[in-house]
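Novice: Let me begin by handing over the structure; questions about it come next.
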Amino acid sequence: MFDADKWNLIWTHREAFIDGTVSTLIMAAMGLLLALAVGILFGLMATSGKKPLMVISRIYVELVQNTPLMLQALFLFYAVTFSGIKGFSALLCGIIALGIYHGAYISEVIRAGIEAVPKGQAEAAYSQGFTHTAAMMYIILPQTIKIILPPMVNQVVNLIKNTSCMFLAGGAVDLISRTNAFAVGEGTGSAAGQGYILGGIIFFVICFPLSTLASAWENKLKSRDVQTATVRKKADDVTDDELDKIIEESKGGEN
Numbered sequence: 001m002f003d004a005d006k007w008n009l010i011w012t013h014r015e016a017f018i019d020g021t022v023s024t025l026i027m028a029a030m031g032l033l034l035a036l037a038v039g040i041l042f043g044l045m046a047t048s049g050k051k052p053l054m055v056i057s058r059i060y061v062e063l064v065q066n067t068p069l070m071l072q073a074l075f076l077f078y079a080v081t082f083s084g085i086k087g088f089s090a091l092l093c094g095i096i097a098l099g100i101y102h103g104a105y106i107s108e109v110i111r112a113g114i115e116a117v118p119k120g121q122a123e124a125a126y127s128q129g130f131t132h133t134a135a136m137m138y139i140i141l142p143q144t145i146k147i148i149l150p151p152m153v154n155q156v157v158n159l160i161k162n163t164s165c166m167f168l169a170g171g172a173v174d175l176i177s178r179t180n181a182f183a184v185g186e187g188t189g190s191a192a193g194q195g196y197i198l199g200g201i202i203f204f205v206i207c208f209p210l211s212t213l214a215s216a217w218e219n220k221l222k223s224r225d226v227q228t229a230t231v232r233k234k235a236d237d238v239t240d241d242e243l244d245k246i247i248e249e250s251k252g253g254e255n
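In my numbering, the protein residues as written are 1 to 255.
Following this line, the structure appears as structure tokens:
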């Protein structure tokens, strides 16, 4: 592990690790954008109140969540490749597979966030003439942001780590693929352990700050909710006699 010559070999082939890291970040970023689009769409379908849309959303979520990501990626890659479509790269396969897979989890996060908003908010919006779309856009969704952000950050972390599943799909060019190629390569295999350690460190450096952010964010929201509940409890502890006294004092002050 502490052999200087092996770490020097890592430095000599640093471009492979840099290229793999860049490809992983590109795959993660594009996959996240697709996952957000898919997740928002199916999350809204799940809370639309229209049974056909709700059934479609449920089927999608259950099908994707209960099958392995790697299986989905392999099926996608070879199904498209054998169909004769040209230009379908391993990187593109990874983006689509990650987007579809994590879109199912994000849709559940959004559904839970929407359902956490009291139904009275939507009813009040409808009574003021808002359409369902307008109520969602201006009333419901803004209130779900603080609820869904911590689990959304966790999904980003999981998505980045799941890029490692793509190295079997057509020889992807992500960090794990490059690390594995280095580890089994002729002339570099002697530094396989150092290569895997470096790959793990890179993933840790990317994911740890995001995980810490999600935990801190979630704890902050929980602390705020506890403080709010405490204030409400104190307000509820006021007796009728104390309330009458407060009212009388306020009237005396006005006179």
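We treat Cβ as the ideally placed atom computed from N, Cα and C, and that holds for glycine. Remember, it's a predicted structure, so these values are computed and weren't measured experimentally.
I need the boundaries of the alpha helix (DSSP H) containing G113, first residue and last residue.
Specialist: Note, G113: alpha helix (DSSP H), A90 to A116.
Novice: Exposed or buried, what is Q65 when buried is set at 16 or more other beta-carbons lying within 10 Å of its beta-carbon?
Specialist: The residue is exposed, with fewer than 16 neighbouring Cβ atoms inside 10 Å.
Novice: Determine whether the beta carbon atoms of R111 and A46 lie at a separation below 7 Å.
Specialist: Contact: yes.
Novice: CA-CA distance, M54 and I106?
Specialist: M54 and I106: Cα-Cα distance of roughly 15 Å.
Novice: Could you give the residue range of the alpha helix (DSSP H) that holds N8?
Specialist: Segment A4 to T12, the alpha helix (DSSP H) holding N8.
Novice: With a cut-off of 8 Å, do at least 3 Cβ pairs link the stretch 87-94 to the stretch 125-136?
Specialist: Too few Cβ pairs lie closer than 8 Å, so no.
Novice: Is V173 helix, strand or coil by DSSP?
Specialist: The answer is coil: DSSP assigns V173 none of H, G, I, E or B.
Novice: Tell me which same chain residues have a C-beta within less than 7 Å of the C-beta of K161, skipping the five on either side of it?
Specialist: Here the set comprises F203 and C207.
Novice: Apart from the five residues on each side of it in sequence, which residues of its chain come closer than 7 Å, Cβ to Cβ, to V80?
Specialist: If we look at V80 and ignore the five residues flanking it on each side, its Cβ neighbours are F88.
Novice: Here's a check: name, in chain order, each residue in its chain whose Cβ is nearer than 7 Å to the Cβ of G199, leaving out the five neighbours to either side.
Specialist: Excluding sequence neighbours, G199 sits near L175, I176 and T179.
Novice: Using a Cβ-Cβ cutoff of less than 8 Å, which residues in the same chain neighbour L159 once the five nearest sequence positions on both sides are dropped?
Specialist: For L159, where only same-chain residues beyond five positions count, the Cβ hits under 8 Å are A28, G31, L32, A35, L98 and H102.
Novice: Return helix, strand or coil for E123, following the three-state DSSP convention.
Specialist: E123: helix per DSSP, three-state reduction.
Novice: Are at least three pairs of beta-carbons, each pair with one atom in the stretch 10-23 and one in the stretch 182-194, less than 8 Å apart?
Specialist: With a cut-off of 8 Å, the stretch 182-194 and the stretch 10-23 count as touching, because enough Cβ pairs lie within range.
Novice: Alpha carbons only, please: which of G43, V173, S215 and I148 is nearest the one belonging to D19?
Specialist: Ranking G43, V173, S215 and I148 by Cα distance to D19 puts V173 first.
Novice: Short of 7 Å in beta carbon distance, which residues of its chain neighbour T21, apart from the five on each side in sequence? Order them along the chain.
Specialist: Cβ within range, chain order: L175 and I202.
Novice: Give me, in chain order, the residues of the same chain whose beta-carbon lies closer than 6 Å to that of A116; leave out the 5 immediate sequence neighbours on both sides.
Specialist: Closer than 6 Å at Cβ, skipping near neighbours: I147.
Novice: Can you tell which of L149, P142 and V205 has its C-alpha closest to the C-alpha of K220?
Specialist: The residue with the shortest Cα to Cα distance from K220 is L149.
Novice: Can you tell me whether N154 is buried or exposed, with buried defined as 16 or more other CB within 10 angstroms of its CB?
Specialist: It is buried - the Cβ of N154 has at least 16 other Cβ atoms within 10 Å.
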